[in-house]
Amino acid sequence: MIASDAPGAGGWVHFGLTSSDVIDTALGWTLGEAGGMLLVELDALLVAVRRRALEHRDTVMLGRTHGMPAEVTTFGAKLAGWWHQLHRDRVRLAAAVDDIRVGKLSGAVGTYSGVGPEVETHVLTMLGLRRDPSATQVVQRDRHAALLGAIALLGASMERIALEVRHLQRAEVAEAAEPFGRAQKGSSAMPHKRNPIVAEQVCGLARLLRANAGASLENVALWHERDISHSSIERIILPDTCILADYLLAKVTWLVDGLDVDAERMRANVAGQRGLVSSQRVLLALVQAGMVRDDAYRIVQEATAEVRAD
């Protein structure tokens, strides 16, 4: 069609190229742009998490292991853990986005049999892309797998945040809750319900990001210089992953920004443990006073059992 609209120059359209020269180069540019947008969204989430971490650096709460009260921590410390994990996600994502910004115009098996490398260099420079130094008919798919893997890890980090909110919002814990509008309904049947539906949605959609990353790994090994087993699935997983990640970043940023934190309930839950969460401090004090550790452990354990039975 383009050739027919260019009298006298039509023969030069697609000259010396294979379809993947065009498709993979366009894909490298598109994924690079999409990845850049995700980094901007992730930066906004990092700002929100940092702000809430500083806000709650002195908000005392129970730390829990195995879902059970362990020792005292702060909500700010919990948020700081989220921030550091998200920051590592950013480093990984930035590297993967940089790595995907490549193209190729090296022909059917990557040997420049139709046009020379100077054409590739000229076009890629115009597009702001680098050349894939070892392309076959396609850009090698480890780059795409790395990008989707980085996004899947980011999704897992966002799921970690959402899952924590879901646990803290349970009625028997009631330490934090996602934003809830005055006219919002938690359940069509039970007017009292205030469900963490956004956090649940985040946890569900993060699974798709991981599934897409797994599918992308299956595309790394292609026959010889290329087959098209990767092509059909990439038309689904690449746009879906980028769109889903953008959506989840917006949702989790909203969740963190508006998180309803009940500091009084956190303190009450600590007090409700009646000192049990300080058992290690008592144990260490007895050991430092000269008691055999096993004896000290047994004494403290028996004392905590008496407190629970009281």
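Residue numbers (my numbering): 40 to 349. Cβ atoms here follow ideal geometry from the backbone N, Cα and C, with glycine treated the same way.
Coarse secondary structure for residue i, derived from DSSP in three states
i: ASP333; result: helix
i: ASP171; result: coil
i: ALA328; result: coil
i: VAL111; result: strand
i: ASP279; result: helix
i: VAL295; result: helix
i: VAL259; result: coil
i: VAL300; result: strand
i: GLY149; result: coil
i: GLY142; result: strand
i: GLU264; result: coil
i: GLY243; result: helix
i: ARG180; result: coil
i: ASP137; result: helix
i: ARG313; result: coil
i: ALA238; result: helix
i: ALA45; result: coil
Cβ-based burial, residue i [other Cβ within 10 Å; buried from 16]
i: ILE282; result: exposed
i: TRP262; result: exposed
i: PHE54; result: exposed
i: VAL141; result: buried
i: GLY146; result: buried
i: ASP334; result: exposed
i: THR57; result: buried
i: TRP51; result: exposed
i: GLN208; result: buried
Contact under 8 Å by Cβ, residue i with residue j
i: ASP301; j: ALA215; result: yes
i: LEU298; j: ALA245; result: no
i: ALA83; j: THR292; result: yes
i: VAL86; j: VAL316; result: no
i: ALA238; j: GLU217; result: yes
i: ASP181; j: VAL79; result: no
i: ASP63; j: VAL178; result: yes
i: ALA284; j: LEU193; result: yes
i: VAL309; j: MET100; result: yes
i: ILE139; j: LEU186; result: yes
i: ARG169; j: LYS143; result: no
Supposed contact pair residue j and residue i - C-beta distance, whole angstroms, cut 8 Å
i: ALA92; j: ALA119; result: 5 Å
i: LEU248; j: ALA191; result: 5 Å
i: PRO235; j: ARG205; result: 5 Å
i: VAL154; j: GLN176; result: The pair is not a contact, with the Cβ atoms about 14 Å apart (cut-off 8 Å).
i: VAL326; j: ARG332; result: 5 Å
Any non-hydrogen atom of the ligand GTP within 7 Å of residue i CB
i: ARG182; result: Only the bare structure without any ligand can be found here, which leaves the ligand GTP out of the picture.
is_contact[residue i, chain C] using C-beta, thresh 8 Å
i: THR64; result: Absence of chain C from the displayed structure is noted, only one protein chain being present.
Item checked: Unbroken stretches of the alpha helix (DSSP H), 4 residues or longer, contained in the stretch 182-229 -> Entirely contained in the stretch 182-229, not one alpha helix (DSSP H) run reaches 4 residues.
Notebook entry, point to check: What beta strand (DSSP E) runs, 3 residues minimum, are completely inside the stretch 49-127?
Noted result: Within the stretch 49-127, the complete beta strand (DSSP E) runs of at least 3 residues fall at 99-104, 107-113.
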